[in-house]
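Report on the following structure.
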Amino acid sequence: MSPLYSFVLLSLIGAGFGSFNCLNPGYDCKNRGLCDYFGRCKCAQGFQGYDCGLDSSTISSSANCRAKCLNKGICHSNTVCYCTDDFIGAQCEIPVLSAKCGLDTMKVQGYQPLTFRGDMYLKQSMFGCQLREMVSDIPGMRLFELEIPHRAITPCALTKTQNNETGDTIYEVEIATAHNKGFFSMSDTVHTVKCVYESRRMGENPVDVTQAMNPFKVSLLNDNNEPAQQIQRGDPYFFNVETSGKFPDMKGTRLSYLEAYAVDQQTGMVKSIKLIENECPVRSTITGYGVSISNEEYSRAGFFIGRGKIESFNVIDQEPIRLDYRAKICTGQCRQAVCNSPSPVRIPPETPFKHLMAPVDIV
């Protein structure tokens, strides 16, 4: 699979995690700083930072700094980074709260100082959905984790939404941090973490690719030209690929590869079925599953849009399908490959679909 078109995955948190509040136990202001009513440190002259931990006289100029400080970290003493309260690590590269986005799970990770004596948990259940303490890989910090399956049920369920414009799937959850066990106070925090999965593929080895780099815009539509999320088995759906505008001189697109795959949530097994290869519908899929597949193209406002038309079927029974694609981009209408696909062989309706793996639900 070409890295350019591989699955894009983002882990996001609410803006400004703001984990430091000097009203909480163990979060003291340093260097004679005073804690105000709102839990913010008021620093003595010559010091700065969220905890007054940075001596202003030691801040290094860009010419003298030999450290690479990320995420608004400040270089001081020429080789050391002073991080905001949102990040830790030698280069301020590790977020205090984050989500690791897996193929079918979200792993929430939170770091707290050694003085932390409270709990981290999913907001919906203080006692039923707590993050568990793990062995920390950061000196001076405690690590808490909770891995949540996408299909987890209440009380520890994720919220799933779909972006109707892009087809992206979003899983999110609110994480509460209570600094006193069993009690949530006004100085405690709640923040949202989320995983964003692009509609093209949920791959095992994701590669971050920004939207700005992607020359294609894809959509999945039903027979009424509406965004498809659930399709009856046997009904057609359309996988459209068009230029994103990244390359203004390119006017045409055509699918060169399309694959349907699904994940068995019980075993974690992945099964995939090729639908289009080398621009041609795959004969073995057409005959083996008794479905029709075509690779089409239509024009709109001077652009040529590639479209795969597929008669829906399950890849794994009762599991949603996902699609992986590759496409070519052309200055005008793309030249079509010569394909000799046989007519589809119909499977009788009563024939059971066995050993099939089936985010579009085939119902």
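Per mature numbering (1 follows the signal peptide of the UniProt record, and there is no 0): the sequence shown = residues -18 to -1, 1 to 345. For glycine and all other residues, C-beta sits at the position ideal for the given N, C-alpha and C.
CA-to-CA distance, residue j to residue i, given in whole angstroms
{"i": "GLU259", "j": "GLN214", "result": "25 Å"}
{"i": "residue 348", "j": "SER38", "result": "Given a span of -18 to 345 for the chain in the structure shown, any question on residue 348 remains unanswerable."}
{"i": "SER107", "j": "ASN145", "result": "27 Å"}
{"i": "LEU125", "j": "ILE311", "result": "46 Å"}
{"i": "HIS132", "j": "VAL245", "result": "12 Å"}
{"i": "ARG99", "j": "HIS161", "result": "6 Å"}
{"i": "PHE166", "j": "THR159", "result": "8 Å"}
{"i": "CYS316", "j": "PHE286", "result": "8 Å"}
{"i": "HIS173", "j": "SER266", "result": "49 Å"}
{"i": "ILE120", "j": "VAL78", "result": "11 Å"}
{"i": "ARG14", "j": "CYS34", "result": "8 Å"}
{"i": "ASP18", "j": "LYS54", "result": "24 Å"}
{"i": "SER(-8)", "j": "MET88", "result": "Low confidence applies to SER(-8): its pLDDT is 44, below 50, so where it sits in the model is not reliable enough to give any reading."}
{"i": "ASP231", "j": "LYS199", "result": "16 Å"}
{"i": "GLY216", "j": "ASN206", "result": "15 Å"}
{"i": "SER254", "j": "ASP67", "result": "44 Å"}
{"i": "GLY272", "j": "THR235", "result": "28 Å"}
{"i": "ALA210", "j": "VAL223", "result": "15 Å"}
{"i": "THR269", "j": "ILE275", "result": "10 Å"}
Rounded distance between the beta-carbons of residue j and residue i, thought under 8 Å
{"i": "GLU154", "j": "LEU140", "result": "7 Å"}
{"i": "ILE157", "j": "GLY92", "result": "7 Å"}
{"i": "LYS228", "j": "PRO263", "result": "With 8 Å as the limit, LYS228 and PRO263 do not qualify as a contact, their Cβ atoms being about 28 Å apart."}
{"i": "LEU52", "j": "GLN30", "result": "In fact, because the Cβ distance is near 19 Å, the residues do not count as touching under 8 Å."}
{"i": "LEU237", "j": "ALA309", "result": "5 Å"}
{"i": "GLU278", "j": "ARG289", "result": "5 Å"}
{"i": "GLU147", "j": "VAL90", "result": "With a Cβ gap of about 27 Å, GLU147 and VAL90 do not count as contacting."}
{"i": "ILE292", "j": "TYR219", "result": "6 Å"}
Residue i versus the options, residue with shortest Cα-Cα distance
{"i": "LEU113", "options": "ASP119, LYS105 and ILE120", "result": "LYS105"}
{"i": "ASN6", "options": "GLY31, PRO95 and LYS54", "result": "PRO95"}
{"i": "ASN46", "options": "SER59, CYS34 and ASP86", "result": "SER59"}
{"i": "GLN248", "options": "CYS4, ILE41, ASP33 and ILE298", "result": "ILE298"}
{"i": "SER118", "options": "ILE76, THR87 and THR269", "result": "ILE76"}
{"i": "GLU180", "options": "THR40, ASP68, ASP150 and CYS25", "result": "ASP150"}
{"i": "GLY71", "options": "LEU85, ALA49, GLY28 and PHE221", "result": "ALA49"}
{"i": "SER42", "options": "GLN27, THR61, MET251 and ALA26", "result": "THR61"}
Exposure of residue i, with buried meaning 16 or more beta-carbon neighbours within 10 Å
{"i": "GLY110", "result": "exposed"}
{"i": "MET116", "result": "exposed"}
{"i": "SER281", "result": "exposed"}
{"i": "MET168", "result": "exposed"}
{"i": "LYS163", "result": "exposed"}
{"i": "LEU240", "result": "buried"}
{"i": "GLY185", "result": "Unreliable positioning characterises GLY185 in this predicted model, as indicated by a pLDDT of 41, which lies under 50. A coordinate reading is not provided."}
{"i": "ARG304", "result": "buried"}
{"i": "CYS83", "result": "buried"}
{"i": "VAL175", "result": "buried"}
{"i": "LEU257", "result": "buried"}
Sequence ranges, alpha helix (DSSP H) only - wholly within the region 6 to 84, length at least 4: List check, alpha helix (DSSP H) in window: nothing returned.
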